[in-house]
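Student: Got a structure here, written out as structure tokens. Questions coming.
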Amino acid sequence: MPEQPFIARGFHRRRSGGSERQLPPGQYETRDFPVLSAGPTPHTPLADWDFTILDEAGKSVRWSWDELQSLPRETPTVDIHCVTKWSKFGTRWEGVSVDTLVAMARENGLDDGEFVLALAEGGYTTNLPAADVTGGKAWIAFAFDGKPLAPEHGGPARLLVPHLYFWKSAKWVRGLRFMQHDRPGFWEQLGYHNRGDPWREQRYQGDP
Amino acid sequence: MTPRLDWRVSKVVDVRDETPRARTLVLEVPEWPGHRAGQHVDIRLVAEDGYQAQRSYSIASAPENPSVELTIERLAEGEVSPYLSDVLRPGDGLEVRGPIGGYFVWSTAQAGPLLLVAGGSGIVPLMAMLRHRTRADETRRAETPTRLLYSARTWDDVIYKEELKQLGADAEVHLTLTRDAPADWNGFRRRVDRAMLQEVGWPASELPNVYVCGPTPFTESVATLLVELGHAPAMVRTERFGPTG
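Dropping the structure here:
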């Protein structure tokens, strides 16, 4: 049901349309790379870093930093959209496809599920349908713009799921837990949308 | 299940210049469900041609205050903040939805020392916490001894000056001016550093609730120093300001 928009008296577009690419509703383009996190930035030494995929039966497969680095890499160039309204076009990343890790987990006898919970340093979590992190849609990214990913941007490695709002791309990611049933993560328990599709403007609970 | 956050057309009932670059909008929001100190709202501006812009702004007013106050810092290159600061006037409508955010929030029910560290307009959500606390009874205030460390560029950039002065009776208020200070200034004159946090912050052993809000480099630096000083990362809640032009 389309509503009559409320027109803000005297408001006009001021930004020149520098980019021809389309923005999701309610977003604006930034050339910076803003930082938003709920707490202090962790600094885990690479020697102590690992990445784990777990299933509900308690089986797990683990990669050290060097093991992760030895896997085939991809270099996606993607647009990213933060729920706080900024979007950034054409960001260049390097990382390992989640497909690669999930395939190795399956080879090791893990049972996957319909959903995953991304697990990050400091207890941060975010939930996603498994279909949103497989099929070439998600990476464990460790480089940005040709350089190692800076800690404030989630380094040494973050989940990268660019087709969803960026809080789903968990910074400082350390693992994925397969789940048969969905379970809300950190922001999803605090009023943010369960899926977070920017093109449908799924910012908060109750949005379409 | 949380109900849908609908856009509501609020009414601007007052505007207040806080500094040469910051203005407070006092909004009456129909059926405002109430908020917690530290939360924010989204605002939406739609132009005649259908072009729209949205931004998030922290709420400055106490939950006990029936109106919703936003303090907007004017960014010259911005699209939304100049409109909110220069064009909007009492009687105008403004679309808002909220309140939003459930982590960077504080209430007097969280007993224990409170440390607030603000950089620039990062004072805004922390002011909501201070205002909430001043409205609490004596017992609650005694349970939440409070210290504020507020970093601004110059004296002219200090938002809520008079109110912070009055707060001084009940909470410790420390200001630091990083660029230029009046000749008779006897507060700090440098960026927030380790020594300053040690001097005016609570020791980590007292397990204070800590809230840090400001521009990204400020928040990164302060939060990292606090962890180095022994504060548990889970006790340090941060809100980093990206560009919200």
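If you're matching them up, the sequences are chains A and B in order. All the letters of the first sequence, read from the start, carry residue numbers 134 to 341 under our numbering. All the letters of the second sequence, read from the start, carry residue numbers 220 to 464 under our numbering. Think of the CB as a built atom: it goes at the ideal place given N, C-alpha and C, for glycine as much as any other residue.
1) Is the distance from the Cβ of Leu-303/B to the Cβ of Tyr-430/B below 9 Å?
2) Leu-309/A and Gly-229/A - do their beta-carbons sit closer together than 9 Å?
3) Between the alpha carbons of Arg-235/B and Gly-288/A, how many angstroms are there, rounded?
4) Starting from Ser-170/A, find everything on chain B with Cβ-Cβ shorter than 8 Å and list it in chain order.
5) Span of the beta strand (DSSP E) holding Phe-184/A?
6) Using a C-beta to C-beta distance shorter than 8 Å, which residues of chain A count as neighbours of Ser-275/B?
7) Quick one: which chain A residues come within Cβ less than 9 Å of Tyr-270/B?
8) Can you tell me whether Asp-412/B is helix, strand or coil according to DSSP?
9) Compare the C-beta of Ala-328/B with all C-beta atoms of chain A and state if any pair is closer than 9 Å.
10) Please report the straight-line C-alpha distance between Asn-327/A and Arg-336/A, rounded to a whole angstrom.
11) Taking 8 Å as the limit between beta carbons, can you name the residues of its chain near Arg-372/B, skipping five residues before and five after?
12) Residues of chain C with CB closer than 9 Å to the CB of Leu-224/B, please, in chain order.
13) Can you check whether the C-beta of Tyr-161/A is within less than 9 Å of a C-beta belonging to chain B?
14) For Val-336/B and Leu-289/B, what's the separation of their Cα atoms in angstroms?
15) Going along the segment 222 to 248 of chain B in order, which residues come within less than 7 Å of chain A, judged by CB to CB distance?
16) Name the chain A residues that come within less than 8 Å of Val-446/B, Cβ to Cβ?
17) Below 9 Å between beta carbons: does that hold for Lys-349/B and Leu-416/B?
18) For Met-220/B, which residues from the same chain have a beta carbon less than 7 Å from its beta carbon, with the 5 sequence-adjacent residues on both sides left out?
19) Just checking, does the segment 314 to 327 of chain A make contact with the segment 220 to 237 of chain A on the three C-beta pairs under 8 Å criterion?
20) For the segment 287 to 315 of chain A, list the beta strand (DSSP E) runs that are entirely contained and at least 3 residues long, ordered along the chain.
21) Counting only beta-carbon separations shorter than 9 Å, does Ser-285/A have a partner in chain B?
22) Answer with yes or no whether the minimum CB distance from Thr-290/B to chain A is below 9 Å.
23) If you run the structure through DSSP and keep just helix, strand and coil, what is Tyr-302/B?
24) Work out the CA separation of Ser-286/B and Val-266/A for me, nearest whole Å.
25) Would a C-beta distance cut-off of 9 Å place Val-168/A and Glu-381/B closer than the cut-off?
26) Residues of chain A with CB under 7 Å from Leu-334/B, in chain order?
27) To the nearest angstrom, how far is it from the Cα of Gln-137/A to the Cα of Gly-269/B?
28) When the Cα of Ile-319/B is compared with those of Pro-452/B, Arg-223/B, Pro-422/B, Cys-432/B, which residue comes out closest?
29) Measure the C-alpha to C-alpha separation of Leu-448/B and Tyr-161/A and round it to an integer number of angstroms.
30) Do we get a CB-CB distance below 9 Å when we pair Ile-213/A with the residues of chain B?
31) Decide if Glu-458/B is buried, meaning its Cβ has at least 16 other Cβ atoms within 10 Å, or exposed.
32) Where Arg-239/A and Ile-273/A are concerned, what is the direct C-alpha to C-alpha distance, given to the nearest angstrom?
33) Give the DSSP bridge partners of Gln-271/B, in chain order.
34) Would you check if the distance between the CB atom of Asn-241/A and the CB atom of Lys-192/A is smaller than 9 Å?
35) Between which two residues does the alpha helix (DSSP H) carrying Lys-380/B extend?
36) According to DSSP, simplified to helix, strand and coil, what is Ile-342/B?
Tutor: Based on what the coordinates show:
1) No.
2) It is Val, not Gly, that sits at residue 229/A in the sequence shown. Taking 9 Å as the Cβ cut-off, Val-229/A and Leu-309/A do not qualify as a contacting pair.
3) Those two C-alpha atoms are separated by around 42 Å.
4) Result: Thr-457, Arg-459.
5) Counting along the chain, the beta strand (DSSP E) containing Phe-184/A begins and ends at 183 to 187.
6) In chain order: Thr-217, Lys-218.
7) Correct list: Phe-144, His-145, Arg-146.
8) In the structure shown, the three-state DSSP call for Asp-412/B is coil.
9) Not an interface residue.
10) Here the C-alpha atom of Asn-327/A lies approximately 9 Å from the C-alpha atom of Arg-336/A.
11) The beta carbon of Arg-372/B sits closer than 8 Å to the beta carbons of Gly-339, Leu-396, Thr-397, Arg-398, Asp-399 from its chain, once the five residues preceding and following it are set aside; these are given in chain order.
12) Judged by its chain identifiers, the structure shown contains no chain C, and its protein chains are A and B.
13) It does: the Cβ of Tyr-161/A has a partner Cβ on chain B nearer than 9 Å.
14) For Val-336/B and Leu-289/B, the distance between alpha carbons rounds to 19 Å.
15) Listed by position along the chain: Pro-222, Arg-223, Leu-224, Val-228.
16) Against chain A, a Cβ distance below 8 Å from Val-446/B picks out Pro-173.
17) For the record, residue 349/B in the displayed sequence is Leu; it is not Lys. Contact flag unset, no.
18) Residue confidence is low: Met-220/B scores 45 on pLDDT, short of 50, so the model does not pin down where it sits. Its coordinate-derived value is still stated next. A distance below 7 Å between beta-carbons, with the five flanking residues on each side excluded, links Met-220/B to no residue of its chain.
19) These segments do not touch.
20) Listed in chain order, they are 291 to 293, 306 to 312.
21) Reading off the sequence shown, one finds Glu at residue 285/A, where the question assumed Ser. Yes - at least one Cβ of chain B is within 9 Å of the one on Glu-285/A.
22) For Thr-290/B, no CB of chain A lies under 9 Å from its own CB, so it is not counted at the interface with that chain.
23) Under the three-state reduction of DSSP, Tyr-302/B is assigned to helix.
24) Distance between the alpha carbons of Val-266/A and Ser-286/B is about 43 Å.
25) Cβ atoms of Val-168/A and Glu-381/B: not closer than 9 Å.
26) Ordered by position in chain A, no residue passes the 7 Å Cβ test against Leu-334/B, which lies about 14 Å from the chain.
27) Each residue's alpha carbon lies about 11 Å from the other.
28) Comparing C-alpha distances from Ile-319/B to each of Pro-452/B, Arg-223/B, Pro-422/B, Cys-432/B shows the shortest one belongs to Arg-223/B.
29) Between the C-alpha atoms of Leu-448/B and Tyr-161/A there is a straight-line separation of about 38 Å.
30) Not an interface residue.
31) Looking at its Cβ environment, which holds 16 or more other Cβ atoms inside 10 Å, Glu-458/B is buried.
32) Taking the CA atoms as reference points, Arg-239/A sits about 17 Å from Ile-273/A.
33) Answer is Val-265/B, bridged to Gln-271/B.
34) In contact: Asn-241/A and Lys-192/A (Cβ atoms closer than 9 Å).
35) Lys-380/B -> alpha helix (DSSP H) spans 380 to 386.
36) If DSSP states are grouped into helix, strand and coil, Ile-342/B belongs with the helices.
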